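Below is one structure; the comments refer to it alone.
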Amino acid sequence: QVRLVESGGGLVQAGESLRLSCAASGSIYSADAMGWYHQGPGKQRELVATITSGGSTNYADSVKGRFTISTDNAENTVYLQMNNLKPEDTAVYYCYASRRRFPQYHYWGQGTQVTVSS
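With the sequence shown counted from 1, adding 423 to any position gets you my numbering.
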């Protein structure tokens with residue numbers, strides 16, 4: 424049974440930083456892509472950042488220049504460094520891992536709360 428285990432969320436003030444981590448537990452074939460979504464109160468889940476196995480990254484416009492995604496491919500772990508946090512970043516952050524090749528999969532983490540006070 425594969426699980427994605429997230430950590431690093433919490434309560435911070437605007438302008439501060441947090442680093443989220445997401446590690447795959449259990450036997451898992453290497454992911455083609457990993458990343459983060461967030462879901463704010465009363466909002467739909469939205470993409471925050473993704474990174475491919477080749478190192479290509481993609482960010483939501485709202486976080487460009489503030490957030491950095493990185494991975495440890497050997498450990499199937501993805502990180503999200505969040506700097507200069509804003510109250511509008513407040514959300515539950517979910518990591519995912521996906522693989523298009525056989526065996527295909529798409530896993531989600533359980534979510535970690537990030538709250539930014541003004």
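Don't be surprised by glycine CBs; every beta carbon is placed ideally from N, CA and C. For clarity, every value in this text was computed on a predicted model and none was experimentally measured.
Residue pairing by DSSP puts Q436 in a beta bridge opposite S540. Taking the CA atoms as reference points, T475 sits about 18 Å from E469.
If you look at N481, you'll find it in the beta strand (DSSP E) that goes T480 to Y482.
For N507, the closest alpha carbon among the candidates V539, Q527 and R523 is that of V539.
Non-local C-beta neighbours of D512 in its own chain, meaning closer than 6 Å and more than five positions away in sequence, comprise V539, ordered along the chain. Within the model, the alpha-carbon separation for Q467 versus W459 is close to 14 Å.
The segment 521-529 makes no contact with the segment 491-500; the number of CB pairs closer than 8 Å stays below 3.
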